[in-house]
Amino acid sequence: MNQEMFKSFNDQLQQVFAPLNQFNQLVAENIEQLSRIQLESLKAYSTLGNEQVKSATSISDGQSLATHGSKQLELITKVSQQLMEDSQKFTQIGQSFKQAADQYVNESTKAAKPAK
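Take the sequence shown: its letter number 66 is residue 66 in full-length UniProt numbering, and every next letter is one higher.
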């Protein structure tokens, strides 16, 4: 009798915590993706910054100053493109997280037994 009661209790706990475990795995995967994207973005922005420092330190005359100035427009374009790519990646991750979270909620509410 006690074994049946403990088995029943254990089964109920597994039903309760299974969706929470799945959701926690989803959150962990989402954090991993966000961290990876942030590191990629940091690398891209650092590279752009280093290129600008090198370009600025190579200014020695009027011609090199003009060249540096014209490259600033290219830099603005690169930064704008990188920002757009980053925002698209973050939006995509957010949307996929929302869809997966909604799916988990729907599955767990269907699986939940009505109160007696």
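Cβ atoms here follow ideal geometry from the backbone N, Cα and C, with glycine treated the same way. Here the structure is a predicted model, which is why all the values come from computation and not from measurement.
Identify which residue in the options has its Cα closest to the Cα of residue i.
| i | options | result |
| --- | --- | --- |
| L73 | N24, L20, Q52 | Q52 |
| Y45 | F6, T91, I93, I76 | I76 |
| A28 | I93, S108, K110 | I93 |
| N30 | K7, N10, Q95, Q88 | Q95 |
Which of the three DSSP states, helix, strand or coil, is assigned to residue i?
| i | result |
| --- | --- |
| S60 | coil |
Thinking residue i and residue j are a contact (beta carbons under 8 angstroms), I'd like their distance in whole angstroms, please.
| i | j | result |
| --- | --- | --- |
| F90 | I37 | 7 angstroms |
| K78 | L48 | 6 angstroms |
Q) Is the segment 97–112 touching the segment 18–29, taking contact as three or more C-beta pairs under 8 angstroms? A) A contact exists between the segment 97–112 and the segment 18–29.
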